[in-house]
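Q: To start, I am sharing the structure in question, which I have written as structure tokens.
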Ligand SMILES: NC(=O)c1ccc[n+]([C@@H]2O[C@H](COP(=O)([O-])OP(=O)(O)OC[C@H]3O[C@@H](n4cnc5c(N)ncnc54)[C@H](O)[C@@H]3O)[C@@H](O)[C@H]2O)c1
């Protein structure tokens, strides 16, 4: 019997998709989230800043899919509205910096070799402004706002733990899997966003492959569903590494 896979952020949009796909593939799954995980009653309910809880959740697993995070800039001053503050110190640093450190340290000290880190296509936002599409996995980081800066750090820290501690680390620059009806409406109104859409089913099959396929080393890949007009991210390295390609396109699954 193989060891379980831990999904952090298991109660979230992508976490639930990952958990469902892993369970569907017969994988034993553990969850970790600050709120209870639907369908996974044994999931740990704790904060990422709780190093002891993170380490206990990681112990005895064979792979950690790290999705828990503050998932975007809440009120980053964009210059088009009164500056009412941002969530960098209150949310991004505790979850996306301190929490990330606890997860990687727990993997190192508990001997968990395989880690999948949820980065974002927002780390190469500048390529969109420059129309340098599709963005490649070697494109220099041009993060959108401070949330994306935490994802640049995530990729860099993943590289450190791979090179210095022998972990196998896959940083995945995810497309847009909408979390609520407002985000679905935003994507529906903008053809550009439809090309970076990520359906929950495509996300789930990707995370199942990331947990189970035979890969080693340190990699950065993109994951979106199929584009309708413009290919925005180079998905060829994802297919080569994992044998995974998207099956769906906007708007399949968006309302689910
Ligand atoms: N959904 C997207 O379009 C998208 C795109 C790019 C990257 N990502 C990344 O993918 C990951 C998952 O995103 P999502 O859309 O599922 O977000 P989500 O907000 O739906 O889920 C995140 C989950 O993490 C949990 N969480 C947040 N902070 C926590 C903390 N400090 N301690 C414990 N649990 C905490 C939340 O309770 C939530 O259930 C995130 O890292 C996000 O940055 C998402």
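Numbering (this note's numbering), first residue to last: 20 to 275.
Every residue gets a Cβ at the ideal spot worked out from N, C-alpha and C, and that includes glycine.
1. What is the DSSP secondary structure of residue 169, counted as helix, strand or coil?
2. In three-state DSSP terms, what is residue 150?
3. Enumerate in chain order the residues of its own chain whose CB-to-CB distance from residue 111 is below 7 Å, with the five nearest sequence positions on each side excluded.
4. Starting from the N-terminal side, write out each stretch of the alpha helix (DSSP H) that is 4 residues or longer and does not extend beyond the region 48-111.
5. When the Cα atoms are used, what is the spatial distance from residue 252 to residue 225?
6. Please confirm whether residue 269 and residue 247 have their CB atoms less than 8 Å apart.
7. Mark residue 250 as exposed unless 16 or more other C-beta atoms lie within 10 angstroms of its C-beta, in which case mark it buried.
8. Tell me whether residue 164 sits in a helix, a strand or coil according to DSSP, three-state version.
9. Just mark residue 60 as buried or exposed, buried being the case when its beta carbon has 16 or more other beta carbons within 10 Å.
10. Go ahead and pull the three-state DSSP assignment for residue 25.
11. Helix, strand or coil, according to DSSP, for residue 114 in the structure here?
12. Using DSSP's beta-bridge definition, name the partner residues of residue 187.
13. Return the CA-CA distance between residue 62 and residue 150, expressed in angstroms with no decimal places.
14. Tell me which residue opens and which closes the alpha helix (DSSP H) that residue 212 is part of.
15. Over the uninterrupted beta strand (DSSP E) stretch that includes residue 242, give me the two end residues.
16. Give a yes or no on whether the C-beta atoms belonging to residue 80 and residue 142 are separated by under 8 Å.
17. Below 8 Å, how does it come out for the region 203-217 and the region 229-238: are there three or more Cβ pairs, yes or no?
18. Hey, is residue 168 close to ligand 1, as in C-beta under 7 Å from one of its heavy atoms?
19. Determine, for residue 136, whether the minimum Cβ-Cβ distance to residues of chain C falls below 8 Å.
20. Give every residue of the same chain whose Cβ lies closer than 8 Å to the Cβ of residue 55, excluding the five residues on either side of it in the sequence, and list them in chain order.
21. In terms of DSSP beta bridges, what is residue 281 paired with?
22. Work out the CA separation of residue 40 and residue 117 for me, nearest whole Å.
23. Specify, as a first and last residue, the run of the alpha helix (DSSP H) that residue 156 falls within.
24. Return the residue from the list 152, 22, 58 and 21 that minimises the CA-CA distance to residue 34.
25. Does the beta-carbon distance from residue 234 to residue 260 come in below 8 Å?
26. What is the DSSP secondary structure of residue 245, reduced to helix, strand or coil?
A: Considering the structure as presented:
1. Secondary structure of residue 169 (DSSP, three-state): helix.
2. Correct three-state label for residue 150: coil.
3. Counting only Cβ-Cβ distances below 7 Å, and skipping sequence neighbours, we find 89, 165, 166 and 169.
4. The qualifying runs are 70-77.
5. If you draw a straight line from the Cα of residue 252 to the Cα of residue 225, it comes to about 15 Å.
6. The answer is yes: Cβ separation under 8 Å.
7. Exposed, by the Cβ-count rule.
8. Reduced to three states, the DSSP call for residue 164 is coil.
9. Looking at its Cβ environment, which holds fewer than 16 other Cβ atoms inside 10 Å, residue 60 is exposed.
10. Residue 25: strand per DSSP, three-state reduction.
11. It is helical.
12. Answer by DSSP bridge pairing, in chain order: 133.
13. C-alpha of residue 62 to C-alpha of residue 150: approximately 43 Å in a straight line.
14. Per DSSP, the unbroken alpha helix (DSSP H) holding residue 212 starts and ends at 210-213.
15. Residue range 237-242 is occupied by the beta strand (DSSP E) that includes residue 242.
16. Cβ distance not < 8 Å, so residue 80 and residue 142 don't count as in contact.
17. The region 203-217 makes no contact with the region 229-238: fewer than 3 CB pairs, one atom from each, lie closer than 8 Å.
18. Because no heavy atom of ligand 1 lies under 7 Å away, the Cβ of residue 168 does not count as near it: no.
19. Note that chain C does not occur in the displayed structure, where there is just one protein chain.
20. By the criterion of a C-beta distance shorter than 8 Å, residue 55 is surrounded in its chain by 30, 62 and 64, once the five residues flanking it on both sides are discounted.
21. Outside the shown range of the chain (20 to 275) lies residue 281, about which nothing can therefore be said.
22. Each residue's Cα considered, the two are about 28 Å apart.
23. First-last for residue 156: undefined, no H or E at that position.
24. Residue 34 has its Cα closest to that of 58, out of 152, 22, 58 and 21.
25. In contact: residue 234 and residue 260 (Cβ atoms closer than 8 Å).
26. Here residue 245 sits in strand by DSSP.
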